[in-house]
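Asker: Below is one structure. I have some questions about it.
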Amino acid sequence: MQASETAIFQLLDFTRKLRVISIVGLPLAVGDLLLNCAVVIQAGQVMGVVPKTYLPNYSEFYEKRWFSSAQDLRAAEVRVAGNKIPISSDPLIFCTSDGVKFGIEICEDVWAPTPPSNHLALAGADIIFNLSASNELIGKRHYLMSLLKQQSARTITGYVYASAGFGESTQDLVYGGHAFIYENGSLLAEGQRFAMEDQLITTQIDVERLRGDRRANTTYTNAQRSMIGTNIRLVDMHSACQRDFVLEREVDPQPFIPKDSNMQASCQEIIDIQSMGLVKRLVHTSCKRVIIGISGGLDSTLALLVCVRAFDKLQLPRKGIIGVTMPGFGTTDRTHNNAVDLMNSLGVTSYEISIAKSVMQHFEDIGHDPNIHDITYENSQARERTQILMDLSNKFGGMVIGTGDLSELALGWATYNGDHMSMYGVNASVPKTLIKHLVFTIADELDEASAKTLHDIVDTPISPELIPANENGEIEQKTEDLVGPYELHDFFLYYFLRHGFRPKKIRILANKAFEGKFTDEVILHWLKIFCRRFFAQQFKRSCLPDGPKVGSCSLSPRGDWRMPSDAANALWLQDLE
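Here's what the structure looks like:
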């Protein structure tokens, strides 16, 4: 006890000229009680004391032999380093000078059915720190990581966990020195296990992101009502040394893409969600045929594969899937052949209906010069294709399946009442950058010829093929040359929709994620395009056909995204100036 207090004096002296916040563990006597405590130190001053609540007294643990619980406290003060410090079992929240709030629990606390961090988070703590001395057992590490992951996610907090390691007695137990930092269920940093030297792990926790997730989660805000009437103690910390912000944590350039470790399983799950959505719609309508336009591009390919899986689940003949290829002025041999080969290999019914004659007649009817390749030239083709599909659906008693994806919906890259319209859009919440991974997943299940076709479709430049091909018969109109790289737009979309970040912050994150690939100038250019198009094209999303949600982001006007079609983008663009 005396040695511990001496160490505290040394720490106070060492930190006297520092603004760093330190949290250390030590035993403290409060009246007749001995408490296992965490002490918060800053600038040579004890800022607060947090006693441990739950004391394990089972298996190898005999903590109640020495310590008492915070629940046994009666006194309101404890003397630390000659100073009287308030102490109680009430939630104690520390607030930094820039408004970040944190709380503390100790070791076993997080293993309890109702951890103190539950109350701390509901009381406003953004980050939870846990000082621990947890021994090693076979399999315990994985259980601990699962526990911390879940607690961080459940409380929507950053969770910093540090456990005793080398140097502790090994008479009966071994301490591995676990160190973890989580953010809302995601592991940001992990220390070396069984290290024989001291180690330091650092990362950055996005408090703005955590608070945004809390505000969006009405269940969380409802749970905060349980804290009404609770005596919450607040401690204001000293101001910290200010420094220019530098983003140090890694930023995933493809946030929609599952990690390699679970890529296959996640892709299968997404395809199952899409197909089950279609299965229910087919059963509800007693429909046994679907009509789908097949272009030889990524979106229609995925939609066709989803239809095949849905029909297989229903044990319906694949001939009930009517695939229609509709060559136009920009159709290339590559995409046409891939479309035909894919339909034949999957065993669906295939039709080929050229739109050239009908569109030329339409140009004559409306007095449009076909040599002028403008928006009228392009959209006339898209609407003619949709008319064909809709009329075929009447002829065969089938349902028109939409192929447009989430990225196109965000940018409005669809012809209003053309490819924008269908009877059920299976790709409506699937971003463009994810689609190729879904197609690859299914390719692995098919025969060699079908897989080869799918791989070539993935390698084909993204294009609506509404402008004639070049002199070599290759695609002239490339979508990403016109609206920008989809990997950038999907990145913007994820942080805009999922976390509600302002454009300025998205720009900072994008510069980190795409460092060495895209310059800040390029990122800024396409981010402005994204903001302009996202707002201007809302009218297309306001009358969006039904379609299943598969991930955390959706633009359904009936579900996740409520936005007036005439909303102004001025504030978002100003944020980038």
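Residue numbers (this note's numbering): 128 to 704. For each residue, glycine too, the CB sits at the ideal point set by N, CA and C. Remember, it's a predicted structure, so these values are computed and weren't measured experimentally.
Flag this pair as yes or no: are the beta carbons of T428 and I584 separated by less than 7 Å?
Answerer: yes
Asker: Count the other CB atoms within 10 Å of the CB of I647; is the residue buried (16 or more) or exposed (fewer)?
Answerer: Reading off the sequence shown, one finds Asp at residue 647, where the question assumed Ile. With fewer than 16 other Cβ atoms within 10 Å, it is exposed.
Asker: Looking at C-alpha atoms only, which residue of E232, G686, R629 and L162 is the closest neighbour of A697?
Answerer: Closest by alpha carbon: R629.
Asker: Determine whether the beta carbon atoms of G312 and K276 lie at a separation below 7 Å.
Answerer: yes
Asker: Have a look at I602 and H500 and give me their C-alpha separation to the nearest angstrom.
Answerer: 15 Å
Asker: So E232 and P242 are supposed to be a Cβ contact under 8 Å. How far apart are they, rounded?
Answerer: 6 Å
Asker: Please tell me whether F307 and E295 are closer than 7 Å, where the distance is taken between their beta carbons.
Answerer: no
Asker: Determine whether the beta carbon atoms of V451 and G494 lie at a separation below 7 Å.
Answerer: no
Asker: Using alpha carbons as the reference points, say which of A576, L636, L624 and R342 lies closest to E377.
Answerer: L636
Asker: Span of the beta strand (DSSP E) holding N210?
Answerer: N210 to P213
Asker: Less than 7 Å between the C-beta atoms of I589 and T568, yes or no?
Answerer: Cβ atoms of I589 and T568: not closer than 7 Å.
Asker: Per DSSP, which residues does V176 bridge with? Please list them.
Answerer: V166
Asker: With respect to the beta strand (DSSP E) encompassing F229, which residues constitute its N-terminal and C-terminal limits?
Answerer: K228 to I233
Asker: When the Cβ atoms of the region 657 to 676 are set against those of the region 378 to 388, are three or more pairs found closer than 8 Å?
Answerer: With the cut-off at 8 Å, the region 657 to 676 and the region 378 to 388 do not touch.
Asker: What's the C-alpha gap between Q442 and V410?
Answerer: 12 Å
Asker: May I ask you to verify whether the region 321 to 336 touches the region 368 to 376, counting CB pairs closer than 8 Å and requiring at least 3?
Answerer: yes
Asker: Whole angstroms is fine: what's the gap from W193's alpha carbon to A202's?
Answerer: 19 Å
Asker: Using a Cβ-Cβ cut-off of 7 Å (strictly less than) and excluding sequence neighbours within five positions of R143, which residues of its own chain qualify?
Answerer: A170 and G171
Asker: So the beta strand (DSSP E) T330 belongs to, where does it begin and stop?
Answerer: T330 -> no beta strand (DSSP E), and no H or E assigned at all.
Asker: Buried or exposed: where does C368 fall if 16 or more other Cβ atoms within 10 Å of its Cβ makes it buried?
Answerer: exposed
Asker: Per DSSP, what kind of secondary structure is Y504 in: helix, strand or coil?
Answerer: helix
Asker: Measure the beta-carbon distance from Y288 to N262 and round it to whole angstroms, keeping in mind my assumption that it falls under 8 Å.
Answerer: Not really, about 15 Å apart at Cβ, beyond 8 Å.
Asker: Between the Cα of I562 and those of D159, F641 and L581, spot the shortest distance and give me the residue it belongs to.
Answerer: For the residues D159, F641 and L581, the minimum Cα distance to I562 belongs to L581.
Asker: For E132, does the three-state DSSP call read helix, strand or coil?
Answerer: helix
Asker: Given a cut-off of 7 Å, decide if F490 and P595 are closer than it, judged by their beta-carbon atoms.
Answerer: no
Asker: Kindly indicate which residue of I515, F293 and T223 has the alpha-carbon position closest to the one of M323.
Answerer: F293
Asker: On the DSSP letters alone, give me the boundaries of the alpha helix (DSSP H) that N245 sits inside.
Answerer: P243 to L249
Asker: Leaving out the 5 sequence neighbours to the left and right, which residues in its chain are closer than 8 Å to R84 when beta-carbon positions are compared?
Answerer: The structure shown does not extend to residue 84, since the chain spans only 128 to 704, so no value can be given for it.
Asker: Determine the extent of the beta strand (DSSP E) in which L155 is found, giving its start and end residues.
Answerer: In the DSSP assignment, L155 falls within the unbroken beta strand (DSSP E) covering I148 to V157.
Asker: Whole angstroms is fine: what's the gap from G643's alpha carbon to L703's?
Answerer: 21 Å
Asker: Can you give me the C-alpha to C-alpha distance between D333 and E310, rounded to a whole angstrom?
Answerer: 8 Å
Asker: Just confirm the distance between the C-beta atoms of I477 and M470, as a whole number of angstroms; I'd bet it's less than 8 Å.
Answerer: Here residue 477 turns out to be Ser, not Ile, going by the sequence shown. Cβ atoms of S477 and M470 come within 8 Å of each other, at about 4 Å.
Asker: Pull up the CB-CB distance for L682 and L533, whole angstroms please, since I reckon it's below 8 Å.
Answerer: 7 Å
Asker: Here's a check: name, in chain order, each residue in its chain whose Cβ is nearer than 7 Å to the Cβ of I400, leaving out the five neighbours to either side.
Answerer: P675 and V677
Asker: If you count every other CB in all the chains shown that lies within 10 Å of the CB of Q604, and 16 or more means buried, which is it?
Answerer: buried
Asker: For W407 and M690, what's the separation of their Cα atoms in angstroms?
Answerer: Contrary to the premise, residue 407 reads as Lys rather than Trp in this sequence. Rounded to the nearest angstrom, the two C-alpha atoms are 28 Å apart.
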